[in-house]
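Chemist: Numbering (the numbering used here), first residue to last: 3 to 387. Idealized CB from N, CA, C, for every residue including glycine.
1) Using DSSP with H/G/I as helix, E/B as strand and the rest coil, what is residue 349?
2) State the Cα-Cα distance for the pair residue 163 and residue 211, rounded to the nearest angstrom.
3) Counting only C-beta atoms, is residue 381 closer than 8 angstroms to chain B at any point?
4) Have a look at residue 279 and residue 320 and give me their C-alpha separation to the nearest angstrom.
5) Would you report the Cα separation of residue 243 and residue 195, rounded to the nearest angstrom?
6) Cβ of residue 245 versus every heavy atom of the ligand SAM: is any distance shorter than 7 angstroms?
7) Between which two residues does the alpha helix (DSSP H) harbouring residue 331 extend?
8) I believe residue 214 touches residue 237 by the beta-carbon criterion, under 8 angstroms. Please report the beta-carbon distance rounded to the nearest angstrom.
9) Whose C-alpha, out of 52, 40, 94, 30, is nearest the C-alpha of residue 60?
10) For residue 331 and residue 263, what's the separation of their Cα atoms in angstroms?
11) List the endpoints of the continuous alpha helix (DSSP H) containing residue 109.
12) Report buried or exposed for residue 224, applying the criterion of at least 16 other Cβ atoms within 10 angstroms of its Cβ.
13) If you draw a straight line from the alpha carbon of residue 368 to that of residue 354, how long is it in whole angstroms?
14) Check whether the Cβ atoms of residue 270 and residue 293 lie closer than 8 angstroms to each other.
15) To which residues of the same chain is residue 7 closer than 7 angstroms at the C-beta, ignoring the five residues directly before and after it?
16) Does the separation of the CB atoms of residue 281 and residue 248 fall below 8 angstroms?
17) Which ranges does the alpha helix (DSSP H) cover as unbroken runs of at least 4 residues, wholly within the stretch 220 to 307, from first to last along the chain?
18) Which residues in the same chain have their Cβ closer than 6 angstroms to the Cβ of residue 268, if we skip the five residues on either side of it in sequence?
19) Taking the alpha carbon of residue 100 as the point to measure from, which residue in 38, 80, 137 has its own alpha carbon closest?
20) Would you report the Cα separation of residue 153 and residue 32, rounded to the nearest angstrom?
21) Run through DSSP, which three-state label would residue 176 get?
22) Please state if the CB of residue 73 and the CB of residue 426 are separated by a distance shorter than 8 angstroms.
23) Note down, in chain order, each residue of its chain lying with its Cβ closer than 6 angstroms to the Cβ of residue 145, except the 5 sequence neighbours on either side.
24) According to DSSP, is residue 139 part of a helix, a strand, or is it coil?
25) Given residue 301, which residues of its chain have a CB within under 6 angstroms of its CB, disregarding the five upstream and five downstream residues?
26) Using the DSSP secondary-structure output, state which residues sit across from residue 78 in a beta bridge.
27) Which two residues bound the contiguous alpha helix (DSSP H) that contains residue 159?
28) At what residues does the beta strand (DSSP E) containing residue 194 begin and finish?
29) Per DSSP, residue 66 is paired with what?
30) Let me confirm a value: residue 206 is counted as buried when at least 16 other C-beta atoms fall within 10 Å, else exposed. Which label applies?
31) Please report the straight-line C-alpha distance between residue 298 and residue 363, rounded to a whole angstrom.
32) Does the beta-carbon of residue 114 have 16 or more other beta-carbons within 10 angstroms, so that it is buried, or is it exposed?
33) Using a 10 Å radius around the Cβ and a threshold of 16 neighbouring Cβ atoms, would you call residue 14 buried or exposed?
What follows is the structure, encoded as structure tokens:
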């Protein structure tokens, strides 16, 4: 299995943002201004929406902290935003952010965070007003694109799926509306997300659309992608990929011990029923209480080519939907006729909700310790006459 690179400076800053101001200052001091600036720049580039000027422009971005500056040249056009170290000599606009305030704007929890605006300085060419307007128009467009990328992230998951090319919304699947229902409360939390299946099959350079979507949606989240095929190890400032087999408990345990626990695990891998069961049995214990385990494309429970059966009633818990049905029963184990004192699976004591949608299931992790219905309540219907 290929190990992901260390999160480095990213996680300490994510955890500090949203706490007391002195904790963020301490985190910046701990990782250093250069590394903290690199985290901010990487996030800005990842959030760029390709809505800049047709003609490429250069913007001088300065990040200030504790009397020091880091300088960056941003080349912005309609397709991309690229950063290089150092300030350009011919930039028409210089944008200066307080590093602490930019980090809070990028990663801070809640929609009410309104850090101070940056300092913006234009270098106006000496020319006629009509020519000035023509020459400065793309510069202003580039500035607007930069400010948009520095603003709180767009959070409509359906739009993000379309933007990044994820199939979780539109055409084949309509999953994002259900994801938002269950994940909205975690959107501003410093979550860890593991998605099985990066995409692109055996093409080493393809895939990662959903990972980029999650990075944008969870503004303080760290996102891991597991795939059977080797993928680019770093797909974004808060995205790492690993190579491994979702049907190998040894590999999954090693991954989870190194990178877990997780707030969310999403199985969008092979969809083979045996593989889904192996992944759930192995990884569900590594989901935090209050977290979610999500399984996509559960229709393969009915497809023989994936180990399913068209006879749903005879499927048992060998299929994905059979496993989910057994979880519903296990969630009610204290209501069984016996005293429930025998051995139970881990899931029986840690499943508190199972939510089914078309081809999609969410399992809520928690402590399933509610007491059974009192014994004095009759187990037969009350007389009606």
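Modeler: According to the data block:
1) Walking along the chain shown from the start, residue 349 turns up at place 347. Residue 349 falls in the helix class under three-state DSSP.
2) In the chain shown, the residue the question calls residue 163 occupies position 161. In the chain shown, the residue the question calls residue 211 occupies position 209. Inter-residue distance for residue 163 and residue 211 is about 8 angstroms (C-alpha atoms, whole angstroms).
3) The structure shown contains no chain B, having only a single protein chain.
4) Translated into the one-based positions of the chain shown, residue 279 becomes position 277. Translated into the one-based positions of the chain shown, residue 320 becomes position 318. For residue 279 and residue 320, the distance between alpha carbons rounds to 8 angstroms.
5) Your numbering for residue 243 matches position 241 in the chain shown. Your numbering for residue 195 matches position 193 in the chain shown. For residue 243 and residue 195, the distance between alpha carbons rounds to 12 angstroms.
6) For the ligand SAM, the structure offers nothing, since it holds no ligand at all.
7) In the chain shown, the residue the question calls residue 331 occupies position 329. Where residue 331 is concerned, the enclosing alpha helix (DSSP H) stretches over 322 to 333.
8) Locating residue 214 in the chain shown gives position 212, where the first residue counts as 1. Locating residue 237 in the chain shown gives position 235, where the first residue counts as 1. Yes, they are in contact, since the Cβ atoms of residue 214 and residue 237 sit about 7 angstroms apart, within 8 angstroms.
9) Residue 60 sits at position 58 when you count from the first residue of the chain shown. For the set 52, 40, 94, 30, the Cα lying nearest the Cα of residue 60 is the one of 94.
10) As a working note, residue 331 is residue 329 in the chain shown. As a working note, residue 263 is residue 261 in the chain shown. Cα-Cα distance, rounded: 26 angstroms.
11) Sequence index remark: in the chain shown, residue 109 carries index 107 (1-based). If you look at residue 109, you'll find it in the alpha helix (DSSP H) that goes 101 to 109.
12) Counting from one through the chain shown, the residue named residue 224 turns up at place 222. Answer is buried; the Cβ neighbour count reaches 16.
13) Translated into the one-based positions of the chain shown, residue 368 becomes position 366. Translated into the one-based positions of the chain shown, residue 354 becomes position 352. Between the C-alpha atoms of residue 368 and residue 354 there is a straight-line separation of about 6 angstroms.
14) The sequence position of residue 270 within the chain shown is 268, counting from 1. The sequence position of residue 293 within the chain shown is 291, counting from 1. Result no, Cβ atoms of residue 270 and residue 293 do not sit closer than 8 angstroms.
15) As a first step, residue 7 must be located in the chain shown, where it is residue number 5. Residue confidence for residue 7 is low, a pLDDT of 42 falling below 50, so the modelled location carries little weight; the figure read from the coordinates is stated next. Taken in chain order, the residues that qualify are 235, 236, 242.
16) Residue 281 sits at position 279 when you count from the first residue of the chain shown. Residue 248 sits at position 246 when you count from the first residue of the chain shown. Yes; because the gap between Cβ atoms is below 8 angstroms, this pair is in contact.
17) Taking only runs of at least 4 residues, the alpha helix (DSSP H) segments lying wholly in the stretch 220 to 307 are 251 to 261, 275 to 285.
18) Counting from one through the chain shown, the residue named residue 268 turns up at place 266. Hits under 6 angstroms: 197, 296.
19) Sequence index remark: in the chain shown, residue 100 carries index 98 (1-based). Looking at the Cα atoms, 38 is the closest of the given residues.
20) The residue given as residue 153 occupies position 151 in the chain shown. The residue given as residue 32 occupies position 30 in the chain shown. Each residue's alpha carbon lies about 25 angstroms from the other.
21) For the purposes of this step, residue 176 is taken as the residue at position 174 of the chain shown. DSSP places residue 176 in the strand class (E or B) of the three-state scheme.
22) Residue numbering for the chain in the displayed model covers 3 to 387; residue 426 lies beyond these limits and cannot be assessed.
23) As a first step, residue 145 is located in the chain shown; it is residue number 143 there, counting from the start. Contacts found: 95.
24) Mapped onto the chain shown, residue 139 falls at position 137. In the structure shown, residue 139 adopts helical secondary structure according to DSSP, grouped into three states.
25) The residue labelled residue 301 in the question sits at position 299 within the chain shown. In its chain, beyond the 5 residues on either side, 361 have a beta carbon closer than 6 angstroms to the beta carbon of residue 301.
26) Along the chain shown, read from residue 1 onward, the residue named residue 78 stands at position 76. Note: residue 78 sits in a beta bridge opposite 59, 83.
27) Translated into positions along the chain shown, residue 159 becomes position 157. Note, residue 159: alpha helix (DSSP H), 159 to 166.
28) As a first step, residue 194 is located in the chain shown; it is residue number 192 there, counting from the start. Segment 194 to 198, the beta strand (DSSP E) holding residue 194.
29) Translated into positions along the chain shown, residue 66 becomes position 64. Within the DSSP bridge table, the entry for residue 66 names 71, 100 as partners.
30) For this step, residue 206 is matched to residue 204 along the chain shown. Taking all protein chains in view, the Cβ of residue 206 is surrounded by fewer than 16 other Cβ atoms within 10 Å, so the residue is classified as exposed.
31) Locating residue 298 in the chain shown gives position 296, counting from the first residue. Locating residue 363 in the chain shown gives position 361, counting from the first residue. One C-alpha to the other measures close to 7 angstroms.
32) Within the chain shown, numbered from 1, the residue matching residue 114 stands at position 112. Reliability of the predicted coordinates at residue 114 is poor, the pLDDT of 42 falling under 50, and the value obtained from them is presented with this limitation in mind. It is exposed - the Cβ of residue 114 has fewer than 16 other Cβ atoms within 10 Å.
33) Taking the chain shown and counting its residues from 1, the one referred to as residue 14 is at position 12. By the Cβ neighbour-count rule, residue 14 is buried, with 16 or more other Cβ atoms within 10 Å of its own.
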